[in-house]
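*Asks:* If you scroll down you'll find the structure; I have some questions about it.
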Amino acid sequence: MSLYGESVIIQIMNTGRLMAGGEQKESSGAVKAQTFPSTKGENVEKTTTGKMIFNITVLIAFFSALSKLLGVLRDSVIAHKFGATGASDAYLVALTAPNLLFYIISGALAAVTVPVFIEYSTKGKKQEAWKVFNTVFNAVTVVFILIAAAGMVFSPCIVKLIAWNLPGQTANLAASLARIMFPLLLFAGWASLFAGLLNANNIFGIPASSNAVNNVVIILGAVTLGSFYGVHGLAVGTVIAMAAMALMQVPALLRAGYRYKPALDLSHPGVKQVFSLILPAAAGLTVNQAYILIEKNIASGMPEGTITALSLANKLVQVPISLFVLALGTAVFPTLTKLVTAGEREEFSASLNRLLRILILGMVPASIGLIVLRYPIVSLLYKSGAFDQRATEMTAAALLFYSVGLAGQAANAILTKAFYSLQDTKTPVKITLATVLVNLGLSLLLTRFLQHGGLALASSLASLTGTALFMFFIEKKVKPLRWTGLIRFTLPVLAASALMAAASYGLNDVLTGLFSPHGKLGLAVQVGSSVAAGVAVFIAAALILKIEELYILRNYLMAVFTGGRQKD
6 MSLYGESVII
16 QIMNTGRLMA
26 GGEQKESSGA
36 VKAQTFPSTK
46 GENVEKTTTG
56 KMIFNITVLI
66 AFFSALSKLL
76 GVLRDSVIAH
86 KFGATGASDA
96 YLVALTAPNL
106 LFYIISGALA
116 AVTVPVFIEY
126 STKGKKQEAW
136 KVFNTVFNAV
146 TVVFILIAAA
156 GMVFSPCIVK
166 LIAWNLPGQT
176 ANLAASLARI
186 MFPLLLFAGW
196 ASLFAGLLNA
206 NNIFGIPASS
216 NAVNNVVIIL
226 GAVTLGSFYG
236 VHGLAVGTVI
246 AMAAMALMQV
256 PALLRAGYRY
266 KPALDLSHPG
276 VKQVFSLILP
286 AAAGLTVNQA
296 YILIEKNIAS
306 GMPEGTITAL
316 SLANKLVQVP
326 ISLFVLALGT
336 AVFPTLTKLV
346 TAGEREEFSA
356 SLNRLLRILI
366 LGMVPASIGL
376 IVLRYPIVSL
386 LYKSGAFDQR
396 ATEMTAAALL
406 FYSVGLAGQA
416 ANAILTKAFY
426 SLQDTKTPVK
436 ITLATVLVNL
446 GLSLLLTRFL
456 QHGGLALASS
466 LASLTGTALF
476 MFFIEKKVKP
486 LRWTGLIRFT
496 LPVLAASALM
506 AAASYGLNDV
516 LTGLFSPHGK
526 LGLAVQVGSS
536 VAAGVAVFIA
546 AALILKIEEL
556 YILRNYLMAV
566 FTGGRQKD
């Protein structure tokens, strides 16, 4: 499939099958879109939906997998060199400051700019769409330069805000690292905005691969600059990595049709539309980042290395989300927006329902697998060098409780995009505020009994609360999502996951004694065998229980390998 093809509407059909007569092959092997009348009498572009969405998801998932593998290697290298210590805590606190601002501003921009860009494009006003993007890009550049400069000046105050209980020496180190890393805010903003516009033009591979480049450069920075200048060298390498992530997307953006102009047309209707939507979106993301501030502030008063342990465990939980859910969400976001623009609310609801089912199928076993194999996984990935037994146990405990909310985090990523597709940026703010309050209350309560594990569990329970609220409110905007159907679907997935957990746990217990004398290689075989056994048992159980989405996934795979023919 061409990464630079025409813009098409990619949907997930409720049946998971190709539409009858809906597939036509061109000489290039691409699938030509078909035209069908909508209920409003308009012509709506539709494709062989299952295959197309699957191909794009596989593409993004491939690069996400590569990026995550490199991310795990990056974290392993950093853990080996710095362990779970004051230096690693200081680096993570310093990185939090620019990341928070980047996530809030550029995350909101990407969320609201893409729907506006698509709206203009689908109306045949592509040049106007690029004009809107150009003004937004110039405004973002000016704002980020000013914020980065201010951040460098006031870094001690910012560090205090993020982790007010941090010991004096660690806080001073974090402030000096923040001065180095605040310039990455500009490059991170560019990278996010470029990725959103490339996705809007059906260019998914380049933005997805940019994350892998980012991780490679950080790894190189850790082993080179980090060896000579310690954690300060790692900070410099992190800034260079973000610059590489942004700049590598520029050629693809130019090929897509963008031409830079040093202009600020703030009076353009599309620009006004973007900025009218950005405030509630930014507010929602600001509220969402309160999770991080709550966790960092409470953890800063706990033993040294707590912030590092929580960060590493949370990154492991993000692996299955990034490998599948974010890839799927990225591919579907433009599609959901186009369905709303075309007035296809029933198709929107059906697509969202299918997404949630696929999410349950993937995230429930992933969550249970991480819980069962948490200790050997953490030992395999991080336990070496400065990362000792204490750090391993702290990280494994955090991983246990973060895994409880994995499905909730994944669902919230999809449901938030659904609201943004509807150009509703206010409801996610209200929901996120409610979940932050839940998180704060649970954090204060649970840390009394579970220490840093209480922070992880509070985050998980708050995420699940948010999922329930998201689904409740989105049903008021679209066709009902059929909660009972989702619950009935979840039961056999839970049953298959329970059998998977028993197989993985039992085999891991047997292999521990056999492979423990063989170091990392033996541990790798032990973990790999336990994971493989669990996956095999889960697939077998899912087939026996006739879980529909597994058959759909099989059909998608067959379509890819047979040139578009699917088996019914």
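The sequence shown begins at 6 in the numbering used here and counts up by one.
Heads up, the beta-carbon is just placed ideally off N, CA and C, and yes, glycines get one too.
These numbers were taken from a predicted model, which means no experiment stands behind them.
Rounded to whole angstroms, what's the CA-CA distance from Val369 to Ala461? Just pull it up for me.
*Replies:* Here residue 369 is taken as the residue at index 364 of the sequence shown, counted from 1. Here residue 461 is taken as the residue at index 456 of the sequence shown, counted from 1. Those two C-alpha atoms are separated by around 18 angstroms.
*Asks:* With DSSP run on the structure shown, which of helix, strand or coil describes Ser389?
*Replies:* Reading the sequence shown from its first residue, position 384 is the one you call residue 389. Note: Ser389 maps to strand in three-state DSSP.
*Asks:* What's the call for Leu304, buried or exposed, on a 16-neighbour Cβ count within 10 Å?
*Replies:* Start at 1 with the first residue of the sequence shown, and residue 304 comes out as number 299. Note that residue 304 is Ala in the sequence shown, not Leu. That one is buried.
*Asks:* My parser needs the alpha helix (DSSP H) runs of 4 or more residues fully inside the stretch 304-378; what are they?
*Replies:* 311-325, 331-346 and 350-377
*Asks:* Could you compute how far the alpha carbon of Asn358 sits from the alpha carbon of Phe478?
*Replies:* For the purposes of this step, residue 358 is taken as residue 353 along the sequence shown, with counting starting at 1. For the purposes of this step, residue 478 is taken as residue 473 along the sequence shown, with counting starting at 1. The alpha-carbon atoms of Asn358 and Phe478 are separated by roughly 14 angstroms.
*Asks:* Whole angstroms is fine: what's the gap from Ala134's alpha carbon to Phe353's?
*Replies:* In the sequence shown, the residue the question calls residue 134 occupies position 129. In the sequence shown, the residue the question calls residue 353 occupies position 348. Each residue's Cα considered, the two are about 24 angstroms apart.
*Asks:* Note the first and the last residue of the continuous alpha helix (DSSP H) segment covering Arg264.
*Replies:* To locate residue 264, count along the sequence shown from 1; it is residue 259. Looking at the DSSP string, Arg264 is not in any alpha helix (DSSP H), and its letter there is neither H nor E.
*Asks:* Could you tell me the boundaries of the alpha helix (DSSP H) in which Ile457 lies?
*Replies:* Residue mapping note: residue 457 aligns to position 452 of the sequence shown, counting from 1. According to the sequence shown, residue 457 is His rather than Ile. In the DSSP annotation of this structure, the continuous segment of the alpha helix (DSSP H) that includes His457 starts and ends at His457 to Ile479.
*Asks:* Is DSSP giving Gln394 helix, strand or coil here?
*Replies:* Within the sequence shown, the letter at position 389 stands for residue 394. DSSP places Gln394 in helix when its eight states are reduced to three.
*Asks:* Return the chain-ordered list of same chain residues with a C-beta closer than 8 angstroms to the C-beta of Leu555, the five sequence neighbours on each side being excluded.
*Replies:* On the sequence shown, residue 555 is found 550 positions in, with the first residue counted as 1. These residues qualify, in order along the chain: Leu366, Ile544, Ala547 and Leu548.
*Asks:* Quick check on Arg264: buried or exposed, where buried means 16 or more other Cβ atoms within 10 Å of its Cβ?
*Replies:* As a working mapping, residue 264 is identified with position 259 in the sequence shown. Burial call: exposed.
*Asks:* Is any heavy atom of the ligand HEM found at a distance shorter than 7 angstroms from the C-beta of Asn216?
*Replies:* Although the ligand HEM was asked about, the structure shown includes no ligands whatsoever.
*Asks:* What does the alpha-carbon distance come out to for the pair Ala403 and Asn204?
*Replies:* Your numbering for residue 403 matches position 398 in the sequence shown. Your numbering for residue 204 matches position 199 in the sequence shown. The straight-line gap from Cα to Cα measures roughly 34 angstroms.
*Asks:* With DSSP as the reference, label Lys131 as helix, strand or coil.
*Replies:* As a position in the sequence shown, residue 131 is number 126, starting the count at 1. Lys131 falls in the helix class under three-state DSSP.
*Asks:* Is the Cβ-Cβ distance between Leu100 and Met186 less than 8 angstroms?
*Replies:* As a working note, residue 100 is residue 95 in the sequence shown. As a working note, residue 186 is residue 181 in the sequence shown. Their beta carbons are under 8 angstroms apart, which means Leu100 touches Met186 by this criterion.
*Asks:* Are Val244 and Leu198 closer than 8 angstroms when you measure CB to CB?
*Replies:* Reading the sequence shown from its first residue, position 239 is the one you call residue 244. Reading the sequence shown from its first residue, position 193 is the one you call residue 198. No.
*Asks:* Along the chain, where does the alpha helix (DSSP H) containing His523 start, and where does it finish?
*Replies:* As a working mapping, residue 523 is identified with position 518 in the sequence shown. Run containing His523: none; DSSP gives neither H nor E here.
*Asks:* Tell me whether the beta-carbon of Phe424 lies closer than 8 angstroms to the beta-carbon of Thr437.
*Replies:* Sequence index remark: in the sequence shown, residue 424 carries index 419 (1-based). Sequence index remark: in the sequence shown, residue 437 carries index 432 (1-based). Contact flag unset, no.
*Asks:* Contact defined as beta carbons within less than 8 angstroms: I believe Gly275 pairs with Val137. What is the distance between those atoms, to the nearest angstrom?
*Replies:* Counting from 1 along the sequence shown, the entry for residue 275 is found at position 270. Counting from 1 along the sequence shown, the entry for residue 137 is found at position 132. The Cβ separation is near 4 angstroms, so the contact holds.
*Asks:* So, at 8 angstroms on beta carbons, what are the nonlocal neighbours of Ala261 in its own chain, with the 5 sequence-adjacent residues on each side left out?
*Replies:* The residue labelled residue 261 in the question sits at position 256 within the sequence shown. Excluding residues within five positions, the ones whose Cβ falls inside 8 angstroms are Tyr9, Leu202, Leu203, Asn206 and Ile208.
*Asks:* Excluding the 5 residues preceding and the 5 following Val498 in the sequence, name in chain order all residues of the same chain whose CB lies nearer than 7 angstroms to its CB.
*Replies:* Translated into the one-based positions of the sequence shown, residue 498 becomes position 493. Same-chain partners within the cutoff: Ile365, Leu366, Val369 and Ile552.
*Asks:* By DSSP, does Tyr556 sit in helix, in strand, or in coil?
*Replies:* For this step, residue 556 is matched to residue 551 along the sequence shown. Residue state for Tyr556 is assigned as helix, using DSSP reduced to three classes.
*Asks:* Determine, using beta carbons only, whether Tyr407 and Asn302 come nearer to each other than 8 angstroms.
*Replies:* Here residue 407 corresponds to residue number 402 of the sequence shown, with the count starting at 1. Here residue 302 corresponds to residue number 297 of the sequence shown, with the count starting at 1. Not in contact: Tyr407 and Asn302 (Cβ atoms no closer than 8 angstroms).
*Asks:* Arg453 to Leu447, Cα distance in whole Å?
*Replies:* For the purposes of this step, residue 453 is taken as the residue at position 448 of the sequence shown. For the purposes of this step, residue 447 is taken as the residue at position 442 of the sequence shown. Arg453 and Leu447: Cα-Cα distance of roughly 10 angstroms.
*Asks:* In angstroms with no decimal places, state the Cα-to-Cα distance between Glu124 and Asn104.
*Replies:* Counting from one through the sequence shown, the residue named residue 124 turns up at place 119. Counting from one through the sequence shown, the residue named residue 104 turns up at place 99. Rounded to whole angstroms, Glu124 to Asn104 spans 29 angstroms at the Cα level.
*Asks:* Is the separation between the beta-carbon of Ala251 and that of Trp195 shorter than 8 angstroms?
*Replies:* Here the question's residue 251 lines up with position 246 in the sequence shown. Here the question's residue 195 lines up with position 190 in the sequence shown. Cβ distance < 8 angstroms, so Ala251 and Trp195 count as in contact.
*Asks:* Go through the stretch 216-281 residue by residue and report every complete run of the beta strand (DSSP E) that reaches 3 residues or more, in order.
*Replies:* none
*Asks:* Under the three-state reduction of DSSP, which class applies to Val121: helix, strand or coil?
*Replies:* Here the question's residue 121 lines up with position 116 in the sequence shown. Three-state DSSP puts Val121 in a helix.
*Asks:* Would you report the Cα separation of Leu562 and Thr340, rounded to the nearest angstrom?
*Replies:* On the sequence shown, position 557 is the one that residue 562 refers to. On the sequence shown, position 335 is the one that residue 340 refers to. A caution first: Leu562 carries a pLDDT of 48, below 50, which makes its placement in the model unreliable, though a value can still be read off. When the Cα atoms are used, Leu562 and Thr340 turn out to be separated by approximately 21 angstroms.
*Asks:* Helix, strand or coil for Leu171, going by three-state DSSP, please let me know.
*Replies:* In the sequence shown, residue 171 corresponds to position 166, counting from 1. DSSP places Leu171 in coil when its eight states are reduced to three.
*Asks:* Run the CB neighbour count on Arg493, radius 10 Å, all protein chains shown included, and call it buried at 16 or more, exposed below.
*Replies:* In the sequence shown, residue 493 corresponds to position 488, counting from 1. Its Cβ having fewer than 16 others within 10 Å, Arg493 is exposed.
*Asks:* For the alpha helix (DSSP H) that contains Thr421, what are its first and last residues?
*Replies:* Locating residue 421 in the sequence shown gives position 416, counting from the first residue. For Thr421, the enclosing alpha helix (DSSP H) has its first and last residue at Leu411 to Ser426.
*Asks:* Touching or not, the stretch 380-391 and the stretch 527-545, by the rule of three or more beta carbon pairs under 8 angstroms?
*Replies:* yes
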